[in-house]
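Just below is one structure, and these are the notes that go with it.
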Amino acid sequence: MVDSRGALAQDGRRAERLELRVPTTPTQLPAVRAMAGDLAMRMDYDLDAVEDLRLAVDEACATLSAIVSGDRRLTVVFETTRRGLHIDAWVPTAEGTDVPRDGFGWAVLHTLVDKVEAGPATQSTVPAGDGGASPVAVISMDKYLPGRHPDHRLGGTGQNVPVAQ
């Protein structure tokens with residue numbers, strides 16, 4: 001679903017939003033990965049960044065699929081801005097479930113995107129949630145376009161900074 005309301009992005013420009021809801025089965029998750037790659041190509045990321053985004057989305061979806069409550073759906077919200085691509089992925093969980101942040105998958109996510117955060121939340125606090133208090137686990141990621149990192153004037157603090165800089 002495309003957000004036709006045109007919510008304002010953090011940089012003051014109208015952001016475009018795309019929401020996907022898919023079953024957390026291995027046969028459906030490649031669709032999310034493909035959407036991430038397609039959006040990244042349309043935003044003029046270079047080929048390495050496109051593949052980084054595909055892999056990051058794949059890893060986030062696999063991580064969330066391992067902790068989903070029952071056979072509930074994975075929701076992924078892609079938001080394009082002038083700075084780059086922001087992605088929120090979440091699944092309904094049992095009360096007290098948290099996103100694992102101590103394994104290889106978490107390390108992979110940190111190397112593929114510029115910013116990643118994760119943790120427990122509720123349906124009222126996640127994008128495209130139903131507004132209720134039921135628990136979810138969320139992974140949020142940002143991949144900035146070259147020269148668009150919020151800290152680029154300070155020398156940049158994100159990953160994936162080329163050695164030549």
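For the sequence shown, UniProt numbering gives the first residue as 1, with consecutive numbering after it.
We put the beta carbon where it would ideally sit given N, CA and C, even for glycine.
What you are looking at is a predicted structure, and each value in this text was computed from that prediction instead of being measured.
Practice prompt. Run through the region 29-115 for me and flag every whole alpha helix (DSSP H) of 4 or more residues, listed as ranges in chain order.
Written response: 29-42, 47-65 and 104-112
Worksheet item: Comparing alpha-carbon positions, which option in Arg83, Gln28 and Met141 lies nearest Asp44?
Response: Within the sequence shown, residue 44 is the residue found at index 44, counting from 1. For Asp44, the nearest C-alpha among the options comes from Arg83.
Worksheet item: Should Arg148 go down as buried or exposed, given a rule of 16 or more other Cβ atoms within 10 Å for buried?
Response: The residue labelled residue 148 in the question sits at position 148 within the sequence shown. Residue environment analysis places Arg148 among the exposed positions, since fewer than 16 neighbouring C-beta atoms fall within 10 angstroms of its C-beta.
Practice prompt. Say whether the region 24-34 touches the region 117-127, bearing in mind that this needs 3 or more beta-carbon pairs closer than 8 Å, one atom from each stretch.
Written response: no
Item to complete: Measure the C-alpha to C-alpha separation of Gln28 and Val22 and round it to an integer number of angstroms.
Response: Stepping through the sequence shown from its first residue, residue 28 is reached at position 28. Stepping through the sequence shown from its first residue, residue 22 is reached at position 22. Cα to Cα, Gln28 sits roughly 6 Å from Val22.
Item to complete: Write down the C-beta distance between Pro135 and Ala94 rounded to the nearest angstrom, noting that I regard them as a contact closer than 8 Å.
Response: Taking the first residue of the sequence shown as 1, we reach residue 135 at position 135. Taking the first residue of the sequence shown as 1, we reach residue 94 at position 94. Right, their Cβ atoms sit about 7 Å apart.
Item to complete: Count the CB pairs spanning the region 100-114 and the region 74-83 that are closer than 8 Å, and state whether there are at least three.
Response: no
Item to complete: Would you mind stating whether Ser140 and Ala89 have Cβ atoms separated by less than 9 Å?
Response: One-based indexing of the sequence shown puts residue 140 at position 140. One-based indexing of the sequence shown puts residue 89 at position 89. Contact: yes.
Worksheet item: Per DSSP, what kind of secondary structure is Asp151 in: helix, strand or coil?
Response: Taking the first residue of the sequence shown as 1, we reach residue 151 at position 151. Here Asp151 sits in coil by DSSP.
Worksheet item: Are the beta-carbon atoms belonging to Leu20 and Val99 less than 9 Å from one another?
Response: The residue given as residue 20 occupies position 20 in the sequence shown. The residue given as residue 99 occupies position 99 in the sequence shown. No, the Cβ-Cβ distance between Leu20 and Val99 is not below 9 Å.
Discussion item. What does DSSP give as the partner residue(s) for Val138 in the beta ladder?
Written reply: Position 138 of the sequence shown holds residue 138. DSSP, once it has assigned bridges, lists Trp90 and Gly119 as partnering Val138.
Discussion item. My output table needs one value for Pro23: the three-state DSSP class, helix, strand or coil.
Written reply: Sequence index remark: in the sequence shown, residue 23 carries index 23 (1-based). Here Pro23 sits in strand by DSSP.
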